[in-house]
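Below is one structure; the comments refer to it alone.
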Amino acid sequence: MKRGEFNWTTGIFIIGYHLLVFALFPLYVIFWEVSLGLIITTIVAGSIANFTITAGYHRYFAHRTYELNKIGERIVLMLGALSVQGSVLQWAHDHRIHHRYVDTEKDPYSIKKGFWYAHMGWLFKKNKIIDNTVVPDLVNNKAVMLQHKYYGWLVLVVNLLLVLVTGAIVQDFFGAFVMVFLIRLFCTHHLTWFINSWAHMFGSKPYSEEHSAVNNELVAVFTFGEGYHNYHHTFPSDYRNGVRWYQYDPTKVLIWCLSKVGITKNLKKVEFPLIKRKLILEDERRVLEKIKILGQQKWKKVEVRVKKITESLSNKLLEKYKLVLVYKTKKAEERKEIKNKLKKLGHSIKMEYKIWSKICNKVLTKT
Ligand SMILES: [Zn+2]
Ligand SMILES: [Zn+2]
0 MKRGEFNWTT GIFIIGYHLL VFALFPLYVI FWEVSLGLII TTIVAGSIAN
50 FTITAGYHRY FAHRTYELNK IGERIVLMLG ALSVQGSVLQ WAHDHRIHHR
100 YVDTEKDPYS IKKGFWYAHM GWLFKKNKII DNTVVPDLVN NKAVMLQHKY
150 YGWLVLVVNL LLVLVTGAIV QDFFGAFVMV FLIRLFCTHH LTWFINSWAH
200 MFGSKPYSEE HSAVNNELVA VFTFGEGYHN YHHTFPSDYR NGVRWYQYDP
250 TKVLIWCLSK VGITKNLKKV EFPLIKRKLI LEDERRVLEK IKILGQQKWK
300 KVEVRVKKIT ESLSNKLLEK YKLVLVYKTK KAEERKEIKN KLKKLGHSIK
350 MEYKIWSKIC NKVLTKT
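Per numbering that gives the first Met the number 0: the sequence shown = residues 0 to 366.
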């Protein structure tokens with residue numbers, strides 16, 4: 000880090016509260032009794048704070064993957080300050096740049112600068128000057144600009160209120176400070192930071208190898224679904240990160256549930272045929288690379304076959320995607336015909352995919 004680049008406010012705050020965590024938490028556990036009520040309050044407050052970041056800051060403000068009503072927006076702006084991760088404007092600005100320039104010198108938390116830099120080291124650098132052209136929608140949002148202007152005060156007020164109210168309820172103000180402020184903040188911070196470090200280093204890349212983002216189920220569990228980062232970097236406009244029904248993504252469930260009561264709407268998602276097509280093209284690339292290693296001459300026939308089936312599958316999936324779009328615009332009585340077409344196409348894709356995956360497995364497992 001160059002001279003004059005150190006962010007003193009953030010630096011002192013982060014180092015200071017970490018020292019307090021390591022000094023006060025063991026003391027509190029040894030000499031005081033941690034009540035069940037306080038533990039539950041800490042988990043609830045931590046979960047709310049985490050959701051304001053994952054569903055609010057990230058999927059709503061940074062990516063606009065759905066629409067949120069005004070009350071919901073105000074709640075995110077207020078309670079988002081509990082997490083002490085900067086204003087929405089700064090957070091979304093840095094995050095949009097992260098997506099646009101991932102893994103390059105311009106990426107504010109580039110994993111190329113190492114695990115700890117991406118995790119928290121970058122925070123010790125002075126904030127990036129906000130380029131309004133990156134966040135034009137947010138600059139024009141009065142509530143967002145108000146939060147940005149009074150962010151420091153908001154952090155103080157919401158966190159103080161949380162500690163005082165919790166302290167009064169459980170009759171333990173010191174415990175409330177240690178648990179619902181220090182420990183909760185420590186957990187929320189590191190869990191969010193894991194997305195920039197762990198989820199850019201250790202995991203699988205089923206959707207794309209063009210960027211460092213990986214899918215990591217364990218990170219997803221700790222971060223309310225944000226660990227499916229390979230999918231997210233490949234399709235950032237999707238409100239889901241864990242796109243399959245069995246993938247643990249409570250943030251997508253929350254956004255979906257809120258849409259049922261009218262708080263959120265217009266949830267954007269990438270249609271399944273397009274996701275499947277991307278997976279197939281990515282696997283084709285892997286297979287062709289492996290064939291290069293195995294010897295193109297010897298595997299020529301397989302190479303030609305893989306290319307041919309991939310092309311056919313890709314076209315069929317595109318056709319399916321277009322049909323799905325048409326299906327959505329039709330009335331119930333007009334849907335029957337398209338439904339039959341979709342069924343036939345689906346069956347044909349399934350059959351071809353079986354053959355294709357057999358060939359791919361054969362190549363990829365060849366040593
Ligand atoms: Zn993102
Ligand atoms: Zn990322």
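Every residue gets a Cβ at the ideal spot worked out from N, C-alpha and C, and that includes glycine.
All values reported here derive from a predicted model rather than from experimental measurement.
Determine the direct distance from the alpha carbon of residue j to that of residue i, and round the result to whole angstroms.
i    : j    : result
N283 : K306 : Note that residue 283 corresponds to Glu in the displayed sequence, not to Asn. Cα-Cα distance, rounded: 7 Å.
R73  : F271 : 33 Å
F193 : F114 : 9 Å
K343 : Y238 : 30 Å
V286 : G55  : 39 Å
T51  : W152 : 18 Å
H147 : D93  : 14 Å
E32  : A212 : 42 Å
K125 : K329 : 53 Å
T309 : I358 : 11 Å
R99  : D106 : 8 Å
T233 : L26  : 45 Å
A80  : K111 : 29 Å
L88  : V154 : 15 Å
S313 : Y326 : 20 Å
E351 : M144 : 53 Å
Y59  : S46  : 17 Å
H62  : N139 : 16 Å
D136 : F30  : 51 Å
I337 : V260 : 31 Å
D38  : S207 : What sits at residue 38 in the sequence shown is Ile, not Asp. Whole-angstrom Cα-Cα distance: 40 Å.
K340 : Y149 : 56 Å
I254 : L67  : 9 Å
L311 : Y65  : The displayed chain sequence assigns Ser, not Leu, to residue 311. Going by the C-alpha atoms only, they are around 33 Å apart.
E209 : K361 : 24 Å
K297 : K321 : 38 Å
What residue from the options has the CA that sits closest to residue i's CA?
i    : options                   : result
N215 : D106, M200, T191 and S207 : M200
V162 : L184, Q146 and T53        : L184
H189 : S82, L160, L273 and Y59   : S82
K127 : K319, W90 and Y320        : W90
K69  : A142, P25 and K357        : A142
V427 : A175, P135, R63 and H62   : The displayed coordinates of the chain run from 0 to 366. Any statement about residue 427 would go beyond what the structure contains.
Y245 : V269, L266, K264 and A219 : A219
V48  : I279, A198, G85 and G15   : The amino acid at residue 48 is misidentified as Val; the sequence shows Ala. The shortest C-alpha separation from A48 is found at G85.
T187 : I290, L316, T53 and T165  : T53
L41  : N158, G15 and N131        : The identity of residue 41 in the sequence shown is Thr, whereas the question assumes Leu. Checked all of N158, G15 and N131; the closest Cα to T41 is N158.
P235 : L78, V28, V169 and V101   : V101
K277 : L317, C256, V301 and K365 : L317
W121 : N131, L78 and E4          : E4
Are the CB atoms of residue i and residue j nearer to each other than 8 Å?
i    : j    : result
F123 : N195 : no
N229 : S203 : yes
G224 : T250 : yes
I290 : K319 : no
Would you give the residue range spanned by the alpha helix (DSSP H) that residue i belongs to?
i    : result
G113 : Element bounds for G113: n/a, residue is neither H nor E.
L81  : From DSSP, L81 is part of no alpha helix (DSSP H); its letter is neither H nor E.
I89  : Residue identity differs from the one stated: residue 89 is Gln in this sequence, not Ile. Where Q89 is concerned, the enclosing alpha helix (DSSP H) stretches over V87 to R99.
H147 : K141 to K148
W7   : W7 to F30
A61  : A61 -> no alpha helix (DSSP H), and no H or E assigned at all.
P135 : P135 to V138
N215 : Taken as a continuous stretch (DSSP letters only), N215 belongs to no alpha helix (DSSP H), as it is neither H nor E.
S356 : R334 to T364
I128 : Looking at the DSSP string, I128 is not in any alpha helix (DSSP H), and its letter there is neither H nor E.
At a Cβ threshold of 8 Å, is residue i touching chain C?
i    : result
I358 : In the structure shown, chain C cannot be found, because there is only a single protein chain.
> Where in the stretch 223-304 do unbroken runs of the alpha helix (DSSP H), each at least 4 residues long, occur, reported from the N-terminal end onward?
Replying inline: 228-233, 249-259 and 271-293
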